[in-house]
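Enquirer: In full-length UniProt numbering, the protein residues as written are 1 to 238.
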């Protein structure tokens, strides 16, 4: 019997206190030892875990409903000043869409052709012609006062805003393009404000190239660059 005792010992059933008692002392039909449930005292743990998982979700829903959390990608209705807007149809800059010519040789001596080609430049400016609205609460390290336009689009109008530098550069290039057929006598007879504007465009483009010039390494491709709706190729490898 002693040899069988270790095999019969089970921590759930075996009573260690009656190990040295005889069957008469312990009672041959003693109290039956029921197995003890090891997890009975921790029955509430799954419910606690579910509660802890649901509390953060409930907090996020509450904050979102009360407006404490704002969507950073929400549309802002204050984009740009209220100025003339139109649909933008860019040229064939990505290999699709209509072919739009932005320059040719004839426009240098033909004023009518210059006007026709120059009209193709206008959709490049997009809505608001590059002007954007900056909210007072936005933090910028350097921000000059907004640019003011008075009597530009029509008599009596007044708009304030900041223009993206790219569109300012494009505007200056467009202005200089239309001036390519101007002779020196024409410059002398021109309104001084217009002459000053053209001179400003030359200096502004110079500064723009120095400050943020394209450092792409270009090679000789054997031909002068041609442009048809943004598809560039030839001497400059663009």
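Note that beta-carbon positions come from the ideal geometry of N, C-alpha and C, so glycine has one too.
(1) What distance in whole Å lies between the Cβ atoms of residue 129 and residue 167, which are believed to be in contact at a cut-off of 8 Å?
(2) Since I believe residue 164 is in contact with residue 132 (beta carbons under 8 Å), could you give me their beta-carbon distance rounded to a whole number of angstroms?
(3) In terms of residue numbering, what span does the beta strand (DSSP E) encompassing residue 162 cover?
(4) Taking the alpha carbon of residue 171 as the point to measure from, which residue in 111, 204, 107 has its own alpha carbon closest?
(5) State buried or exposed for residue 124, treating a residue as buried only when at least 16 other CB atoms are found within 10 Å of its CB.
(6) What residue range is occupied by the uninterrupted alpha helix (DSSP H) comprising residue 114?
(7) Which residues share a DSSP beta bridge with residue 131?
(8) Could you check where the beta strand (DSSP E) with residue 148 kicks off and where it finishes?
(9) Could you check if residue 148 is buried or exposed, using at least 16 other CB atoms within 10 Å of its CB as the buried criterion?
(10) Taking the Cβ atom as the reference point for each residue, do residue 178 and residue 118 lie within a distance shorter than 8 Å?
Expert: Taking the definition as stated:
(1) If you number the chain shown from 1, residue 167 lands on position 167. If you number the chain shown from 1, residue 129 lands on position 129. Right, their Cβ atoms sit about 6 Å apart.
(2) Within the chain shown, residue 132 is the residue found at index 132, counting from 1. Within the chain shown, residue 164 is the residue found at index 164, counting from 1. That pair is a contact at about 7 Å.
(3) Your numbering for residue 162 matches position 162 in the chain shown. That run of the beta strand (DSSP E) goes 158–163.
(4) Taking the first residue of the chain shown as position 1, residue 171 is located at position 171. Nearest C-alpha to residue 171: 204.
(5) Counted from its first residue, the chain shown places residue 124 at position 124. Per the 10 Å Cβ criterion, buried.
(6) Taking the chain shown and counting its residues from 1, one reaches residue 114 at position 114. First-last of the alpha helix (DSSP H) with residue 114: 111–119.
(7) Here residue 131 is taken as the residue at index 131 of the chain shown, counted from 1. In DSSP, residue 131 forms a bridge with 163.
(8) In the chain shown, residue 148 corresponds to position 148, counting from 1. From DSSP, the beta strand (DSSP E) with residue 148 extends over 147–150.
(9) Within the chain shown, the letter at position 148 stands for residue 148. Exposed: under 16 other Cβ atoms inside 10 Å.
(10) Within the chain shown, the letter at position 178 stands for residue 178. Within the chain shown, the letter at position 118 stands for residue 118. Result yes, Cβ atoms of residue 178 and residue 118 sit closer than 8 Å.
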